[in-house]
Each structure stands twice: as C-alpha cells, then as structure tokens.
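Here's the structure, in structure tokens; my notes come after.
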C-alpha cells in the first residue's frame with residue numbers, strides 16, 4: 678500500500694514539473710543552486726527526490742539493496 682502511494686506521489690510530482698517555468702531560466706537567476714544541503718547518505722546512489730507540499734516529507738529514488746541493482750522509491754520524514 679505504501680509503495681503504491683509513493684509511486685502515485687512521484688507521478689503527481691513528475692506531472693507538476695511539466696507546468697513549472699523552464700529550468701534554464703531558473704538556473705540563470707540562481708534559484709536552483711542556493712542553500713544546498715545533502716539529505717541522503719545511505720545507498721550506492723540516489724536519484725531524484727521531491728518535497729511534500731507541507732515540507733515535512735520527501736519522496737526519492739535510491740539504490741540500497743546490493744541484491745537489487747535498480748532504484749526503489751523511499752519516503753522520508755524530514
């Protein structure tokens with residue numbers, strides 16, 4: 678059940694990105710690269726992640742299980 682909810686959340690965030698201003702314009706204004714902080718330290722590698730609307734959670738991709746070389750979706754309380 679939680680995995681389905683995470684996948685649905687990720688899909689909603691991906692669709693939302695289609696309607697945001699172009700990333701190149703935001704990068705030129707330095708809106709994307711300020712106050713950077715690493716939040717994920719576990720696993721071989723991590724993929725994209727998104728914050729919840731209230732800023733209390735983050736959904737992200739990570740490759741943590743050595744027996745599974747594919748990304749899995751995780752939900753983290755901040």
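Residue numbers (our numbering): 678 to 755. A virtual CB, placed ideally from N, CA and C, is assigned to each residue, including glycine.
Hey, quick one: how far does the beta strand (DSSP E) through residue i stretch, first residue to last?
i, result
"residue 754", "749-754"
"residue 719", "Run containing residue 719: none; DSSP gives neither H nor E here."
"residue 739", "734-740"
Anyone know if the C-beta pair for residue i and residue j falls short of 8 Å?
i, j, result
"residue 719", "residue 739", "yes"
"residue 723", "residue 717", "yes"
Only counting the same chain, and skipping five residues up and downstream in sequence, which positions put a Cβ closer than 8 Å to that of residue i?
i, result
"residue 713", "none"
Taking the alpha-carbon positions, what's the residue i to residue j distance?
i, j, result
"residue 745", "residue 753", "20 Å"
"residue 663", "residue 742", "Because the chain is modelled from 678 through 755, residue 663 falls outside the range shown and cannot be assessed."
Considering only residues of the same chain and omitting the five flanking positions on each side of residue i, which have a CB-CB separation below 6 Å?
i, result
"residue 748", "724, 738 and 740"
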